[in-house]
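Here is the structure we will look at.
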Amino acid sequence: MAPRDGCVESAATSDRLLVARVRRNPVGAPMTITETRPETADAGDSTTDPRGVVVGWVTTGDHKRIGRLYIAASLAFIAGALVISCLLGFERASTSGTFLRADSIGQLFSLSSIGAVFLGVVPLLIGIAVYVVPLQVGARTIAYPRAAAASFWVWLIGSGMLIVAYAANGGPGGGKESAVDLFTLAYGLVLLGLLTAAVCVASTVLVLRAPGMRLEMVPAFTWASLVQAVMLLLTVPVLLANLIYLYVDHRYARSAFGGNFGMGAYIAWATRQPQTYLYAVPVLGFVAEVVPVFARARLAMHSVVLFAIGLAGLLGFGAFTQAQFAAGYSHQALNIIMSLAAPVPPLLVLGVCALTLRAHRPKLAAPLVFGLTAAVMYLAGTAMGAFTFFPKLHLVNTVWEEAHFDYVVFGGLLAGLGALTYWAPKMSGRLVADRRLLGLGLLGFVALAAFALPQVINGIIHQPLATVDFTTGNEPLNLVSGIGAVVLALVVLGVAAVILNGARRGDESGADPWGGHTLEWATTSPPPPANFSQPIGVVESERPLLDQQEGS
160 MAPRDGCVES
170 AATSDRLLVA
180 RVRRNPVGAP
190 MTITETRPET
200 ADAGDSTTDP
210 RGVVVGWVTT
220 GDHKRIGRLY
230 IAASLAFIAG
240 ALVISCLLGF
250 ERASTSGTFL
260 RADSIGQLFS
270 LSSIGAVFLG
280 VVPLLIGIAV
290 YVVPLQVGAR
300 TIAYPRAAAA
310 SFWVWLIGSG
320 MLIVAYAANG
330 GPGGGKESAV
340 DLFTLAYGLV
350 LLGLLTAAVC
360 VASTVLVLRA
370 PGMRLEMVPA
380 FTWASLVQAV
390 MLLLTVPVLL
400 ANLIYLYVDH
410 RYARSAFGGN
420 FGMGAYIAWA
430 TRQPQTYLYA
440 VPVLGFVAEV
450 VPVFARARLA
460 MHSVVLFAIG
470 LAGLLGFGAF
480 TQAQFAAGYS
490 HQALNIIMSL
500 AAPVPPLLVL
510 GVCALTLRAH
520 RPKLAAPLVF
530 GLTAAVMYLA
540 GTAMGAFTFF
550 PKLHLVNTVW
560 EEAHFDYVVF
570 GGLLAGLGAL
580 TYWAPKMSGR
590 LVADRRLLGL
600 GLLGFVALAA
610 FALPQVINGI
620 IHQPLATVDF
630 TTGNEPLNLV
640 SGIGAVVLAL
650 VVLGVAAVIL
660 NGARRGDESG
670 ADPWGGHTLE
680 WATTSPPPPA
690 NFSQPIGVVE
700 SERPLLDQQE
710 GS
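Quick note, the sequence shown lines up with residues 160 to 711 if you use my numbering.
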C-alpha cells in the first residue's frame with residue numbers, strides 16, 4: 160500500500176514487513192557480520208537443492224536448517240537421558256537386588272545429568288534460538304553462519320564420542336583408562352560446539368538488530384537467549400579448562416586429580432546449583448513471549464521482565480562453586496545469598512504474566528500451557544534451592560539435589576517443547592494439532608511432578624545422592640519417580656510426532672496463525688532463504704505487529 164504520513168501500512172499478505180509505528184528505513188538493510196552475502200550464503204536453502212538433499216543439509220549455512228538439526232538431535236538425546244533416569248529409578252525401587260551392573264551405576268547417574276543438560280536441554284534451547292532469534296530481531300541471517308553450522312557438527316560428533324566413552328566404561332569413575340581419556344576429549348568437544356553457537360546467537364542480537372530496535376526493545380525470548388549465551392560464555396570455559404587439566408593429569412601423571420575415580424568431583428558443579436539455573440533462563444523469556452499473544456494484549460511491564468531475566472542469568476553463575484578447589488563452598492555467604500535470591504526472577508515474571516492475564520481473557524493453547532507449567536516448575540526448583548544449604552536440614556548430597564535438578568532443567572525441557580509448538584507453524588508453514596499438544600502439555604506437567612516430587616520426599620529423609628541404597632525403604636517413591644521419567648520421555652516423543660505429522664499433513668498456517676506480536680510473524684511461513692523479502696523499517700516498539708493491530 161502507498162505510504163501515508165511517513166508510515167507504511169502492512170498489507171494483509173504472507174510477507175507483510177512494514178507495520179504501524181515502523182517508519183521506512185532510509186538507509187537500507189542493517190549492518191551484517193556474515194562471511195558472505197546472506198542472499199547467496201547457502202545454495203541449499205532453496206526448496207530444490209541441485210546438490211542433493213543430504214549435501215544441502217550437511218553443508219548448509221542457513222540458520223533455519225541449523226536450528227532444526229539441533230532440535231532433532233537434542234530431542235533424541237533427551238529421550239535417551241530420560242530412559243536412563245527411568246532405569247535408575249527402577250533400580251532404586253528393586254527389592255530383590257540390582258539388575259544393572261554395580262560398576263556402571265555411578266556412570267549412569269553421571270550420563271543422565273550430563274546428557275540431560277549438554278546433550279539435551281541446552282542444545283534444544285540453543286537450536287530454537289538459532290532458528291528464531293534472527294527472525295525476531297529482523298536479521299537476514301545469523302551472525303557467522305558457517306561457524307553456527309560448524310558448532311552443530313562439533314557438538315554432534317562430541318556427543319557421539321561421549322556416549323561411546325560411557326559405553327566403553329570411560330565416564331567419571333570408569334575402569335578403562337583409554338575410554339576415560341576419550342570422555343574428557345568428547346566432553347570438551349560438546350562444550351566447544353555449544354560455546355560457538357552461543358557466540359553466534361549473542362552476536363546476532365548485539366549487532367544484527369533491525370534499525371531502531373534498541374536492546375531494551377528486543378522480544379523477551381531473544382533477550383533470554385542473549386542472557387543465556389553470554390553467561391554460558393562466562394561459565395562453560397571454566398568447565399572446559401577443568402577438563403583440560405583432568406585430561407593432562409590422567410594421561411601423564413594421575414597425581415593431582417585422583418585418576419579415573421577422582422575426576423567426577425571436579426566437574427560436578429556444572430550440573431548442580433546455582434549453575435543449573437542458567438540452563439533454564441529461556442523458560443522466563445518464553446512464558447513472557449506467549450502470555451501477551453494469547454491474552455491478546457501488551458505485556459504489563461516489559462522492562463521488569465527484562466530485568467528479571469538478566470537477574471536470573473547472574474544468579475546462574477556457578478563457576479565459583481567448585482568444592483574440590485574451595486572446601487566448604489556450600490556454606491559460603493555468596494552461594495547462600497544467590498540461592499535465596501534465585502526464586503525472585505521467576506516470581507517477578509510470573510507476577511507480570513498474572514497481571515497481563517488477569518486484565519484479559521486468554522485463549523487456551525498448547526504454547527501457553529507449556530510456558531506456564533515450565534515457569535511453575537522453574538519456580539519450584541529455585542524454591543527448593545533456597546533451602547538446600549541450610550546446615551540443619553542436611554540436604555546437601557541427598558536426592559533433594561536430584562529433585563532440584565529435575566525441576567529446573569526439565570522445566571527448561573517443557574519450555575523447549577512449548578517453543579516448538581509455538582513456532583512449528585513458522586518452521587513448516589502448516590498448522591499442528593493444538594488440542595493434542597495441549598493434552599501433552601498437561602501430561603508433561605504431571606509427569607515431571609511425578610518424576611521429581613518423590614525425590615523431594617526422599618531427600619528430606621536423607622536418601623543419598625547418585626547411589627542405589629536398599630536400606631532406606633523408599634522403593635515405592637523411587638518406582639513412582641521411574642514411571643514419571645517414562646511418561647516424560649513419551650511426552651517428548653509425542654510432541655515430536657504431532658509436530659512432524661502436522662508438518663506433513665496439516666493445513667497451511669499462513670504467515671501468522673497466532674496473531675503474534677514480533678517480527679518473525681511478519682514474513683512467510685516458512686521464511687525465505689534471506690528471511691524477509693523486503694528491508695525492515697525502523698522499529699519503534701518491542702511488539703511492532705501488536706502496534707499494527709492496535710492502529711488498524
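We put the CB at the ideal spot given by N, CA and C, even for glycine.
These figures come from a predicted structure and were not determined experimentally.
Selected residue, minimal CA-CA separation from residue i, among the options
i: W312; options: R224, I264, G371; result: R224
i: G510; options: A644, L652, L531; result: L531
i: E699; options: T677, S692, T683, A625; result: T677
i: L315; options: L294, A338, A326, L350; result: L350
i: L572; options: T515, N690, V651; result: V651
i: P584; options: L493, T683, A288; result: T683
i: G675; options: A689, P687, E709, L659; result: E709
i: A478; options: A429, S692, P505, L704; result: A429
i: L278; options: L348, V212, E250, G540; result: L348
i: D671; options: P685, R663, A662; result: P685
i: E679; options: Q295, L705, H519; result: Q295
i: N633; options: A644, I620, A625; result: I620
i: I273; options: V291, T300, G317; result: G317
i: E560; options: N617, W673, A534; result: N617
i: Q434; options: M497, L443, G444, L228; result: M497
i: G376; options: L579, F466, Q693; result: It is worth fixing the name first, because residue 376 is Met in this sequence and not Gly. Nearest option by C-alpha distance: F466.
i: L354; options: M372, L398, L705; result: L398
The alpha helix (DSSP H) enclosing residue i, as first and last residue numbers
i: W582; result: 559-587
i: L554; result: Looking at the DSSP string, L554 is not in any alpha helix (DSSP H), and its letter there is neither H nor E.
i: M497; result: 492-500
i: I768; result: With the chain covering only 160 through 711, there is no way to say anything about residue 768.
i: G477; result: Looking at the DSSP string, G477 is not in any alpha helix (DSSP H), and its letter there is neither H nor E.
i: G215; result: 212-217
i: R595; result: 593-619
i: A261; result: 261-273
Coil, strand or helix - residue i by DSSP
i: P331; result: coil
i: P293; result: helix
i: E699; result: coil
i: D201; result: Residue placement at D201 cannot be trusted, given a pLDDT of 46 that sits under 50; what the coordinates show is reported in the next sentence. Of the three classes helix, strand and coil, the one that applies to D201 here is coil, per DSSP.
i: Y303; result: coil
i: F548; result: coil
i: R368; result: coil
i: P521; result: coil
i: M536; result: helix
i: L458; result: coil
i: L507; result: helix
i: A345; result: helix
i: L590; result: coil
i: R196; result: Low local confidence applies: a pLDDT of 44 at R196 is under 50, so the model's placement there is unreliable, with the coordinate-based value given in what follows. DSSP places R196 in coil when its eight states are reduced to three.
i: M190; result: In this prediction, M190 has a pLDDT of 37, which is less than 50 and means its spatial position is unreliable; what the coordinates show is noted afterwards. Coil, per DSSP.
i: P378; result: coil
i: A356; result: helix
i: A298; result: coil
i: P185; result: With a pLDDT of 37 at P185, under the threshold of 50, the modelled position of that residue is not reliable, and no figure is offered here.
Closer than 7 Å: residue i CB and nearest the ligand PLP heavy atom
i: V442; result: With respect to the ligand PLP, the structure shown offers nothing to examine, as it has no ligands at all.
Short CB-CB distance (under 8 Å) between residue i and chain D
i: S263; result: As a matter of chain content, chain D is missing from the structure shown, which is built from one protein chain.
* Examine the Cβ distances between the region 526-541 and the region 435-455 and report whether three or more of them are shorter than 8 Å. => yes
* List in chain order: all unbroken alpha helix (DSSP H) runs of 4+ residues lying wholly within the region 382-452. => Runs found: 423-426, 434-438.
* To do: May I have a chain-ordered list of the alpha helix (DSSP H) segments no shorter than 4 residues that lie completely inside the region 622-710?
  => 634-664, 703-710
* To do: Evaluate contact between the region 596-614 and the region 303-312, counting only Cβ atoms and requiring at least three cross-stretch pairs below 8 Å.
  => Segments in contact, no.
* To do: Tell me, please, whether the region 278-294 touches the region 431-443 by the rule of three or more beta-carbon pairs shorter than 8 Å.
  => Yes, they touch.
* Cβ contact check for the region 329-339 and the region 259-270: 3 or more pairs under 8 Å -> These segments touch.
* **contact_flag[the region 458-477, the region 610-620] where n(CB pairs < 8 Å) is 3 or more** => Too few Cβ pairs lie closer than 8 Å, so no.
* Validate contact between the region 351-366 and the region 392-404 using beta carbons, cut 8 Å, 3 pairs -> yes
* For the 8 Å Cβ check, are there 3 or more pairs between the region 491-506 and the region 399-409? -> no
* Within the chosen definition, does the region 456-463 reach the region 588-596 through at least 3 CB pairs nearer than 8 Å? -> no
* Asked: Do the region 632-650 and the region 239-255 meet, that is, are 3 or more Cβ pairs less than 8 Å apart?
  -> yes
* **Three-pair Cβ contact test at 8 Å for the region 419-429 versus the region 365-381** => Flag = no, the region 419-429 and the region 365-381 do not touch.
* **Cβ contact check for the region 498-509 and the region 534-552: 3 or more pairs under 8 Å** => yes
* Cβ contact (3+ pairs, closer than 8 Å) linking the region 574-584 and the region 634-641 -> no
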